[in-house]
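So in full-length UniProt numbering, the last one in the sequence shown is 129, and the numbering has no gaps at all. Yeah, the Cβ is synthetic: ideal placement off N, Cα and C, and Gly gets one too. Inspection log for the structure reproduced underneath, given as structure tokens.
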Amino acid sequence: MVKWSNIVEELYKKSEDIYMQCPTCSTPSYCTDYLEPEKPFNIISLNNCCACLLQLILDNTPNVVMFHFIGSGDDNESFYILDDVFLDVTEDNVVVVPLDKINEYIESIEELDSEKANIIRNLIANKLA
């Protein structure tokens with residue numbers, strides 16, 4: 001399966017070629033300077049350039065569980081599940097959640113958006129089934 005380190009490695013390799021497809025990226029380093037190949041220990045948020053670049057990579061990576069959804073504010077949102085992290089990607093940012101912190105993340109969004117929390121719960125349950 002696909003791990004966070006695989007995606008970051010792919011992003012490092014391709015960022016010079018694809019960053020021009022992302023209007024939020026002035027340079028590829030605007031994202032890559034903030035990425036570590038190791039799985040994060042805590043929930044982290046990355047900038048809009050990373051959101052765009054990661055979405056380009058993830059949408060073209062086989063064996064990644066993904067779910068695209070229109071949120072409560074008509075914002076497009078995409079969820080990706082890797083072997084070791086869950087990613088919540090919007091136009092503005094990406095939240096990277098280690099799978100061992102997923103319940104903490106769901107609890108943090110439950111009051112704001114119960115529909116989103118339920119979708120994430122179901123995706124994780126299906127992935128682990």
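With 16 other CB atoms within 10 Å as the buried threshold, where does residue i fall?
{"i": "F41", "result": "exposed"}
{"i": "D59", "result": "exposed"}
{"i": "P62", "result": "exposed"}
{"i": "P28", "result": "buried"}
{"i": "Q55", "result": "buried"}
{"i": "residue 130", "result": "Any question about residue 130 goes unanswered here, given that the chain covers just 1 to 129."}
{"i": "A125", "result": "exposed"}
Work out the CA separation of residue j and residue i for me, nearest whole Å.
{"i": "N6", "j": "M66", "result": "16 Å"}
{"i": "E10", "j": "E107", "result": "31 Å"}
{"i": "I70", "j": "N47", "result": "20 Å"}
{"i": "E36", "j": "V96", "result": "12 Å"}
{"i": "Y19", "j": "I109", "result": "30 Å"}
{"i": "residue 137", "j": "L99", "result": "Lying before the first or after the last residue shown, residue 137 is absent from the chain, which here runs from 1 to 129."}
{"i": "K127", "j": "C22", "result": "30 Å"}
DSSP has residue i in a bridge; who is on the other side?
{"i": "P98", "result": "V85"}
### Message
Suppose only complete runs of 3+ residues qualify. What are the beta strand (DSSP E) ranges in the region 43 to 89, listed by chain order?
### Response
44 to 46, 65 to 70, 76 to 81 and 85 to 89
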